[in-house]
Every structure is written in C-alpha cells, then in structure tokens.
Amino acid sequence: MIDFDRVTITYSDAPAPVLRDVNLHIDEGELCLVVGRTGAGKSTLLGAVNGLVPHFTGGTLEGRVTVERRDTASFPPRELADVVGVVGQDPLAGFVTDTVEEELAYGMEQLAVPAPVMRKRVEETLDLLGLADLRYRALHELSGGQQQRVAIGAVLTPHPRVLVLDEPTSALDPTAAEEVLAAITRLVHDLGVTVLLAEHRLERVVQYADRVIHLAGDGTVTDGAPASMFATSTVAPPVVELGRLAGWSPLPLSVRDARRVAAPLRESIARAQPVVARARASAAAPLLRARNVIVRYGDVVAVRGIDLDLGADEVTALMGRNGSGKSSLLWAMQGSGKRQSGLVQVDGKDPKNLSARAARALVGLVPQTPADLLYLETVAAELEQADVESHGARSVPAREILDRLASGIPDDVHPRDLSEGQRLALVLALQLRAAPPVVLLDEPTRGLDYNAKRSLIRIVHELAAEGRAVVISTHDVEFVAAAADRVVVLADGDIVADGPTADVVVASPAYAPQVSKILAPSRFLTVEQVVIALDRAAS
Amino acid sequence: MTTVTRAYAVSDSRRVPRTLHPVAWWVWALGLAVAVNRTTNPLLLLLVLAVVGFVVANRRTEAPWARAFKYYLALAVVVIGLRVVFRSVFGSGVALGDHIMFRLPSIATPSWYSGVRLGGPVSLEATLSAAADGLRLGTLICCIGAANALANPKRALRVLPGALYELGVAVVVSISVAPQLVESVQRVARARRLRAGRSKGLRALRSVAIPVLEDALERSLLLAAAMDSRGYGRAGPATRASRRITAALMVTGMLGLCAGAYGLLDGTAPRYLGLPAILAGAALCCAGLVLGGRRVTRSHYRPDPWRAPEWIVAGCGITTAVLLYASTRLSAADLNPTFSPLHFPALPIVPTIAILFAAVAGFAAPPPRHPHRPDSREYTSRRPEVADGTLEPDPARAPVPA
Amino acid sequence: MRTRPRFVAASLTLSAALLLVPIAARPVGADPIGNCTTTAGTIIAVDFAHWGGPIVRGCGVGQPNGYALLHAAGFSTAGDNHDGPGYVCRLGNQAFRSGTQYPTPTEDACIVTPPSTAYWSYWHAPAGRNTWSYSSLGALNGHPQPGEVDLWVFGGTDVGGTTGSAVPHISPDSVRAHNAAPTGGPRPGGTPTTRARVPTATAPTTPIAGASIARGSNGNGTGATVEPATGPGRSVSSPSKDPTRPVTPTTRSILRPKETGSTGPERASPSPSSTVARRFVDALPAVHTDGSTGSIVPVLIGAGLLLLLGGGTAGALWRRRQHE
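In structure tokens, the structure reads:
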C-alpha cells in the first residue's frame, strides 16, 4: 500500500535530515498512529505520503516513497488525489467552497467523477459522518467538530485508499474530538481505509491503533505493534505510563484493559490518600474579583453574568466546550476585550479603565495564538522591546525570565522558527516582564507534546508559588489533572461547576483523566500521585 | 414526503426554491450597468437603485457573500459624498445666477498651476450636478454589488472555461482568504493592547501588519496545499502546447471583450472599439472554449440548469440596456439633464419603463433556497432509509493508472 | 438593509431643495457691441460654423475672466457634469437659432469632459496682434484685456492648438473692434441690432493654402499662435446657410476657404481652391425664463415609483427577518 524505501528527507536550511533512512511498509486497512515529540518529523512523514513533501514544502527527498505503486517523485500531490486524502489541523484553512455539500463534492469534481456518481457518494458520506442535517450550511458557521468531520468527508468522497490525518483533533474540545475519532475508526472498520494518524493526545487514540510508528527525534523511525512500541517510546499516554509503572504485560492501551489488570494496584493504594499536586499557602483575600461580567457580540451572549474570585497562589483551569465563553471571559477580565457590564477589580482597580500599560501590569494575558504579539525579527529584539514597554516594572529583565521559563532559546532566532512550546514561553516572558499579579493563559496546551506540557506545568506552579493567580483555559483533562488546583467549567456562558480539581474532574466521565478512570473509586488523578503513594506504601 | 412538499408549496410559494444560474444574474446586472452608463438623470438612477434593491432583497440567499450588498450601498454613498466634496474643494466655477450655498476659503494657486482652482463659492447647482454624477457611479457599483450578492461568486467562476480555470482559482483563494484576513486584523489589533506598544506611528502599523501578513501567507499556503492534495489542477490528457494555445486564445479574446465593452459603454470612445472588438473577442473566446473543452478533466456537481427563469432574467437586463441605448437619441436632454439653471429632472417614459422592466427579474427568478427553511425537511426524512452508511466501491470510479 | 427609506429620503430632499430655493431674477443685459473699441473692452466671438451658423460677436468691458465675458456679451453656456460650469461644453446665443445651445444633448451628453475631437476651443488675440493664440486654460482662467479679441471655435485641436478642425479661419482683425462711435444697447424685446458695420480691410488679402502656423511665445497658458487662413476677399452679403433664420441686414460676410472632403460642408478644413462667405452677427442679450423650474410632476411620479419599489423591498426584508 504505502512503502518508504530508504527515505531521507532534508530541508534546505536544516543542518541535519528530519528523517533518516526510513524503511516502512504499511498494509491495506491499517490504522497507524504516528507518535513522537514536537519537531520529530511527524508532519514531514505524513506529508511525504502524498508528495506534499517535498513538492510543496521544498527540501530534498532521497530514496523512494510509493503509494499504490505510484512513486511520489513523479506524481505530484494532485495526481495522487484519488489515492490519498489529507486532513490538516485547521479544517477551515483547507476549505475551498462555502457549503458542506459543495465541499464534499469538490474533490470529485477535480477527478471528473460523473455527476450521478457524485450525487450518490455525497449522500452516502453525509450519512456516514452524520452531516445530513448540515448539508446546506455555510462551513464557517459549523462547530469545530463538525468542520473537522466535513473535512474528513471531503477527502473521503473520491474514495481514497489512504487517509492521512495530521493532528485532526488538536483544536477540538473532548466531546468533539471523540466525535471525530469515532468517525475515523468507523471508516477503518467499514471501508478498510488505511489511516495514518498523528496525534498529541495519545490517550484518545492509542486504543484504536493497529500499529505505531515512532519517531525518536533523531531522524530514525521504528514501527511495530502498539503494546510493544509503547513499552519504550519517548511519549506515552497516562494509561501506558501507569502500565509501565505497574509492570503490566502486555501493556494495556485502553482504560478497559487497564482496569481489568489493575485490581492489585487498586488494592495496594486503596488506603492511601492522593497527595495534592502542590502545597499551597492558605487563601488570603482574592487577587481578582469579577462580578456579574456580561460579554455579548450583537445578539450572541458569550458570558452571562459570571462571578469569579481568583486567589493568590492558585492555579485555576477554565474548561468547557468550544464556544462556551472561555476566551471571552479571559479577555474581559484582562480589560482589553469586550465587556458589556459587570465589575472586575484587581488591587482595587478595574483594568478596563486603565491604560493598556497599567492594565497589563495588573493582568497579563497570553492569547490563543501567541504569535499575534510577535512582530520583530529576533528573540533578542522582542525581549528588548518588552523591557522598553515595561520600563519601571519591578521585575528582572525579560531575558532572565525567559531563561527561567525555558532555557536555551538563542537570541538570534526568528520567533516564527521557535517550536510551539518555546514560542509560548517567549510570549509568557514578555507578559511576565510587566510583573502582573494575575496571569491568564488562553489554550496554552494546543500543539504541545507531553514533555512541553510537563514543563508548562512546572512553570505554572512556579508562577503560582510566587503569589500569583494563574488561570488556564484548556480542553486537556490530563493537563488539568496535573496542573490545576481548581476547575471552573463553563457552558453557554455560565459557570456550571466550580471546585477543587479532584471533585470537579472525577464527577464527569468526559472530564475524568485516565488514571482516575482506572483507579476509581480511589481519587487518584495522575501517575505522579500513584508513584508517591506507592513510595510511601513501600517505605 | 409529497404531503410535506405540497403543504410547503401552498403555504410559501408555488415554485420550487433553487438558485438561479449565476450567469443569468450577471447578464441582468451588467445590462442594468450599461443602462446606468447612459444617464445622469437622478430620478432614473434612483429608480435603478430601487429596482436593484428590490430584486436583491427578494432573491438573495443567506450566504455571507449575499449579505455584502449593504457594503456596496455604503460604498455608493461614500462615492457620492466624495464627488460632492471634491467638486466643492476643487471649485469648478459658478455660473451666472447660480445659487451660492456657502463660500470656502479660496486658495490662490501658482501661475504654472493656474488650471486648478481651490475653494471659492459652492453653488447648489454644482453640488446637485456632482451628486448626480456620483450617483451614477454609485449606482454602477451597486449593480455589480447586486450581481455579487445574487450569484455565488465561486459558482459564477465555475462557468469559466477550462483554459481560464487557473485564473478562477486564484480568485477563489483570495475570496476565501480575504474574510479571514479581516478576522485576523481584528484579532491582532486586539492582541496589541496586551503588549501596550505604541498605538501610533510606523511601529504600531508594523506590529499589526507583520503578524497579519504572516498569518495570511500561512493560510494561503495551507489552502493552496489543500487544493493541490485534493486534485486541483490535474493535468489530464492535454499537452502543454495545446494548453498554452487555449490560454492565449482565451486571454486575447477576453481582452477584446473588455475593450469592446469599454467602447460600447463609453460614448466618447472611438467607434472601432465597440462592436468589432466585442465580436472579435467573442470569436477568439469561442475558439479557446472549443480547444479547451477537449481536455475536460473536471465534472460539475449539481450543474446549474439554464431554464425559462434564466432566459427571462437575462432577457430583462438585456432589454433594459437595449431600450436605454435606443432612447439615447430620442430623449438625450432628459437622460442627461443639467442643473444649471435649476430645474426638476424629467422622467422620460421609455427609459423609465425599461428600468422598471428589469424589476421583473425579482418575480421571474425562483425563490432562493434557505439552509434552515422547510425544504431541508425532505432530506432529513430521507435519512433513515440510507442510514446503513456503507460506501460500496463504485464501479464508475476513475481507473487508477498503473 | 434599511436602505430603501434612504432612497426615498434622498429623492424627497432633492425635490424639496428644488422647490424651496427661491428662483432669483437673473440679471439680463449685455454690453452693447459699440462699447468695445481698440483700447477698451474685449470682443468675444463664437463661431457656429459647425452647425452652419454665423460668427456671433459680442462685447464685454472689464470682465474678470472669459466666462464672465461670454455671459456679459449675452452668450449662454453649459458646463459638463464632470468639470462643472467652468468648462464650456455648450454655447448658445439668441442671435443663432433662438439661443439653442450647441452641441445639442444628442451630439454630446456633456457628462464627462468632451472628446478632444469635438469641443469648444478658446483662442485669444491681444490688442495689436493679428494671430490667434490657443488657450490651454478654461474660460474661468483667462483675463481679458482691453482691445483683445477672444474666439470660441468648435472642433478638435491637438494639445498645442496647432492643427485640427478648430483652428480659426478668420483673422483676429476681421473680428476686432474698431473705433466706431458707441452705439446704444440692445433693443427691448430682443430684436436684432440693426447697426451695420463695414469692416475695415484688416483681414489678410493674400490667399494662404491651409493654416500657416507660428509658435507663439506667449507662455501664459497659451499654446501656438495661428495665422488665420482667411480667404482673399469679402462679400458684403451672402445667402444664409440657416434656413430657419432670415438673413438680417446686419449680417456681413467675409469669404473663407470652402471645405472639401467627406466631412461635409460645415467642417472647417480649409482648401485654397474655393471660398465661402462667413457671416458676422452681433450677439443678442440672453433671454431668461424667469423662475421656471420645469414641472414637478415627473419627480412626483418618480417618487411614487420609488415608494412602490421601496415597499416591495421593505416587505421582502420583513419576511426575511420573520424567517430568521
């Protein structure tokens, strides 16, 4: 089906090849999970399948990549469109037409599929992905999950033999992600489509994989059965880490399998109380008080009268599905966003009534796309500019802040060339330069791998320990379980749940982390807690 | 399902909603535009605007591009305002007996520049005549806006022959990326406050422009990559030479058509620019079409049919244009009234009827399909019948080359 | 989409503006031709030859610009929509076809600047000069000097005014005022002046083939100077080319080269072989239709139609809103 024959890919300005001497053979009807850390070359590997690498991205490809006996060297992506369908991270960026139906038909039109056949396939695909009610809807009106399903449907209609999905759920909330992944597994089982899937949040997909392709990060690629591959992989979901810790063999990949072998573990820690992630100072007066905050855009009410207190040395996770008002609330609290009515007070002042400079000295916000704040050529220039902007703030120079957040980011690099995690650290450093007591992070976990998330957790805990109030909006339950002291769940602009992480997260299956599902009724949330409990039991 | 259909038919309209062929709307709108070019009579121009507004209000869909008509109207108002302001500032003189409304301070221009006058008295006559002039341009803009609001621009581009397909897709990319650009400008402008950078000057412009442009570039590349991997631009069986000849024929033909249209629309253009250029252009385009048609590698999902309503709508536009063209000699003074001396514009009968006739399109075109309206019911009711959801391998699938 | 009311409002405003503005009585009167002498006043002449008409001569004393001069002499003008009244697009005088302005709306709609092949070109000849200088500026920019002669010719020239159908075929001196005794103003009722003036023999008498052209050194907005291609002699009377208008006894004619070629007898392309007589007519004062603003009925009908269509639009918008 897909063959990589001694493939080495080198980008023009890179010192070393991204992929080195890769040999792969993928059979028909397999669901292959591509795992690896950020920058290990997952996207490059996926792009090489239909020739986008190197036809579109540049660089050189040595060796041969063949799909259904077609060599990508002589077949550009458009000539492989009938064999390989590609879905990217941002479905909106790849839409060519306006409505669901037209988008589904577009690929077939390019392949000159006769009109009656097109009609039939569009109807079938609408039903297969549950899109029939949306057929005339404008694409940009759909929710993220619906958009991603349309994007998958749009590449399915030409009946490709291979489906390549590059992090299809990274922008989705847990429910929408489930929706998309369920659709993908159904395709594999019903149609026998070969699927290549890259995904950061492995806990969602690992149970469906037939095969795992692991990119070590040095250009080498190994592949094998999931259970054997995860025993040693550099990235692993919590269920695997727990399995490794407990020494289960074969390694369970789903909550169900893990639960069946976890009885002895549950027994051994049944009496242990999970330690709280970090010790906290007793709560003093809240740093930020928000009262009856209402945000509306025309007829749409995004935030409906929310009251919220943020205390010092507190990490709060803001959860809720896409469009539930998380971002609007963060922006309203910072003072730069819209706020129809309500009151926000930090240090006795409302940031909305202050100058931008005074407002950011009270509340710092890292937006969803941190790159929006970057406009200079080098990291050093950005840091210098931040020192100028925050002149007089009681804080160390931005460079020192950055080194503390993420060491080893060189001065002369262009901010666009940084990895997601490094860029996040840079923007956070710029915002921290103003020494705000309240720090808000809007979806910082997007596109971060497990290691990057781990360092983000460390940063967040350090910030809180310095006496700040930290708010993180995120969809990532595993991250929340490890990072947050408190969880606030929003739905349709209202707070539906607010309480300590363990209480809120365990209460609903959608928000429960894998460890808690495996070890219920014990209230363990993270592997670290289990490690500590086991250590204590042993000593 | 029949009962649903019948109930719907009786309650809402006797006709099945569907979208009209985009070319029919474009012919209609261009016909009106040609008519507008023949007159500066504000009554007639306002009538054209009213007709255009009437048809758009009755026959546009709810798609985002269809909601843009109000922006064209706003642009028209701006054009009128600009025209009046320019006429007032660059004083064009006051005729004897004009009604002076106010005087702007007059600025003496140097002798080598004495052709231009700045300031001076502003007369009611000059203002009215400038407004009428602006109204003509504004109405033209609204005619084009109506075509854009009534006909899906992307569907309209699909009627482009294969040889010009590449051109069409460039437009599609810009149409898709433009609204996203607006969105990212808003996002970055809002984010800029977070850094409290300078709010004015070159640096402020840069801090918005650079993230926005990088974003736009990235999106364009993503879209281009997505289109490529979905089979856009597949070569098909045509040779490189035949594609080049087709493209050359089409481009030359289109140039001829443009020049001809200019010649016909602009009364002062030389005569040979009009009909002969249009005919030559059309001939070249036809040749290109025939040649390009040989390499059809695409098919159309739900091709727009061309039926009686299309003929009527296109006919309305053409009739309006022809009637106004013909009446240019009959009622030249009424079509282009002067405001000096001040007097009411006349309402010449033939042009009025011609313009009103264009409103027939509002009735002749089938009602547009609304995504949330009842006609989606029939599709939801069909759903359980095919709910099995298996995609059988299709025998008609294009053969895979070995 | 609350736009329809805007149209209605716009049309109502327009009609209201037209209704409410008081129509002031306009000054009527023209400087009598006799006020102009070799040292005072400026003679202004308009050549209607393109329409088979005469050269209409008028006089203005102490006028600030060419535009005022035209009106002082009794001519009526119309600007084009694009450039305003300062750009003379049409010219008329009571002495030629009851003041009809030429070119007519059928010939030129006067919306945009007329084409360079058919427009009123403006020529000057200062006192003492017998050559025309082409004015590259409009009527509002010239400063008529005492003793000067101004001429408006319809046709086309190049940008320097050296070639084309609008190059004058009469000499400035044949138009120029001479120190005759001042005469009275125009007769009441707009009857033609009857004073016959015998032109002095200042026109060149040598036949010239075509227009001989000399570059003018007048840098102040003027182009070339042109030797007139006048015919060799003058006939005192000639049959009028205008069938609608009887020949008046004041008419005097000079001969000018007869046009040849396919452009018709009215086109001014000179030929040395034959000549036709040119009639001179004195300008008559403009007759104003006092306060007539035309009928308001068309505006009312138009407003009614707009209301009707606006109603249909409003209904459609209302239905649309109901469905959303």
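Here the protein sequences line up with chains S, Y and F, keeping their order.
Add 200 to the 1-based position in the first sequence for the numbering used here, that's all there is to it.
Add 51 to the 1-based position in the second sequence for the numbering used here, that's all there is to it.
Add 372 to the 1-based position in the third sequence for the numbering used here, that's all there is to it.
For glycine and all other residues, C-beta sits at the position ideal for the given N, C-alpha and C.
In this text, all values refer to a predicted model and were calculated from it rather than measured experimentally.
Could you list which residues in chain S have their beta carbon closer than 7 Å to that of H351 of chain Y, in chain order? By Cβ distance, chain S contributes E309, A315.
Stretch pair the segment 504 to 522 of chain F + the segment 405 to 421 of chain F: three plus CB contacts closer than 8 Å: Pairwise C-beta distances place the segment 504 to 522 of chain F in contact with the segment 405 to 421 of chain F, as three or more of them are shorter than 8 Å.
Is any beta-carbon of chain S found at less than 9 Å from that of N203 of chain Y? Output row for N203 of chain Y: interface = yes.
Using DSSP's beta-bridge definition, name the partner residues of C232 of chain S. The partner list for C232 of chain S (beta bridge, DSSP) reads S:L396, S:R411.
Do the segment 352 to 364 of chain S and the segment 314 to 327 of chain S meet, that is, are 3 or more Cβ pairs less than 8 Å apart? The segment 352 to 364 of chain S vs the segment 314 to 327 of chain S: in contact.
Checking the sheet assignment: what are the DSSP bridge partners for G471 of chain F? According to DSSP, G471 of chain F bridges with nothing at all.
For the segment 472 to 480 of chain F and the segment 379 to 396 of chain Y, state whether three or more C-beta atom pairs, one from each stretch, are separated by less than 8 Å. Yes: at least three Cβ pairs fall under 8 Å.
Would you say P418 of chain Y touches the ligand HEM, meaning its beta carbon is less than 8 Å from a heavy atom? Ligands are entirely absent from the displayed structure, and the ligand HEM is therefore not among its contents.
Below 8 Å on the Cβ atoms is my guess for P417 of chain Y versus V67 of chain Y; work out the distance and round it to an integer in Å. With 8 Å as the limit, P417 of chain Y and V67 of chain Y qualify as a contact, their Cβ atoms being about 7 Å apart.
According to DSSP, simplified to helix, strand and coil, what is G332 of chain Y? Helix.
For V525 of chain F, collect the residues of the same chain with a Cβ closer than 6 Å to its Cβ; drop the 5 residues on either side in sequence, then sort them by chain order. Contacts found: D419, S493, A538, P540.
Consult DSSP for T754 of chain S and reduce its assignment to one of helix, strand or coil. This structure leaves residue 754 of chain S out entirely; chain S is present only between 201 and 739.
Let me check one thing: in DSSP terms, what residues is C431 of chain F bridge-paired to? Residue pairing by DSSP places C431 of chain F opposite F:I415 in a beta bridge.
Which first and last residues belong to the alpha helix (DSSP H) in which W77 of chain Y is found? Where W77 of chain Y is concerned, the enclosing alpha helix (DSSP H) starts and stops at 73 to 87.
Is the segment 396 to 404 of chain Y touching the segment 362 to 369 of chain Y, taking contact as three or more C-beta pairs under 8 Å? With a cut-off of 8 Å on Cβ pairs, the segment 396 to 404 of chain Y is not in contact with the segment 362 to 369 of chain Y, counting fewer than three such pairs.
Output yes if chain Y places a C-beta closer than 9 Å to the C-beta of Y522 of chain S; else output no. Note on residue identity: the sequence assigns Asn, not Tyr, to residue 522 of chain S. False, the Cβ-Cβ gap to chain Y never drops below 9 Å.
According to the Cβ coordinates, are I192 of chain Y and V130 of chain Y closer than 9 Å? If you check the CB distance, I192 of chain Y and V130 of chain Y come in under 9 Å.
CB contact check: S243 of chain S to chain Y, cutoff 9 Å: No, S243 of chain S does not count as interfacial toward chain Y.
Would L573 of chain S pass as a contact of A242 of chain Y if the rule is Cβ separation under 9 Å? Their beta carbons are under 9 Å apart, which means L573 of chain S touches A242 of chain Y by this criterion.
Roughly how many angstroms lie between the CA atoms of G288 of chain S and I483 of chain F, to the nearest whole one? About 55 Å.
DSSP beta-bridge partners for M519 of chain S? Checking the DSSP bridge columns, you'll see M519 of chain S partnered with S:V689.
In angstroms, rounded to a whole number, what distance separates the CA positions of A472 of chain S and D290 of chain S? Cα to Cα, A472 of chain S sits roughly 44 Å from D290 of chain S.
Of the residues S:A214, S:G236, S:L224, S:G294, which one's Cα is nearest the Cα of G258 of chain S? Here the closest residue by C-alpha is S:A214.
Own chain partners of L300 of chain Y with C-beta closer than 6 Å, once the 5 adjacent residues on each side are dropped: Its chain contains L335, A338, G339 as the residues whose beta carbon lies nearer than 6 Å to that of L300 of chain Y, once the 5 sequence neighbours on both sides are disregarded; these appear in chain order.
If you follow the beta strand (DSSP E) that H496 of chain F is part of, which residue opens it and which one closes it? Taken as a continuous stretch (DSSP letters only), the beta strand (DSSP E) holding H496 of chain F covers 491 to 497.
Cβ-based burial, C309 of chain Y [other Cβ within 10 Å; buried from 16]: Burial call: exposed.
Strictly below 8 Å CB to CB, what residues from chain Y border A688 of chain F? Those are F105, A108, N109, listed as they occur along chain Y.
Could you tell me the distance, in whole angstroms, from the CA atom of S293 of chain Y to the CA atom of T266 of chain S? Distance between the alpha carbons of S293 of chain Y and T266 of chain S is about 30 Å.
Which listed residue (S:H340, S:E302, S:V405) has its alpha carbon closest to that of R206 of chain Y: Scanning S:H340, S:E302, S:V405 for the CA closest to the CA of R206 of chain Y turns up S:E302.
Can you tell me whether DSSP reads P487 of chain F as helix, strand or coil? P487 of chain F: coil per DSSP, three-state reduction.
Can you check whether the C-beta of W77 of chain Y is within less than 9 Å of a C-beta belonging to chain S? So no, W77 of chain Y is outside the interface.
Please list, in chain order, the chain S residues whose beta carbon lies closer than 7 Å to that of E176 of chain Y. Within 7 Å Cβ-Cβ: nothing; E176 of chain Y doesn't reach chain S, min ~43 Å.
Anticipated Cβ contact below 8 Å, V521 of chain F with A497 of chain F, distance rounded: With a contact defined as Cβ atoms closer than 8 Å, V521 of chain F and A497 of chain F qualify at about 4 Å.
Less than 9 Å between the beta carbons of G419 of chain S and P217 of chain S, yes or no? Using a Cβ distance threshold of 9 Å, G419 of chain S and P217 of chain S count as a contacting pair.
Go ahead and pull the three-state DSSP assignment for S641 of chain F. Summary for S641 of chain F: the model assigns pLDDT 39, below 50, so the residue's position carries little reliability; its value from the coordinates is reported in the next sentence. In the structure shown, S641 of chain F sits in coil (DSSP, three-state: anything other than H, G, I, E or B).
For H340 of chain S, the three-state DSSP class (helix, strand or coil): H340 of chain S falls in the helix class under three-state DSSP.
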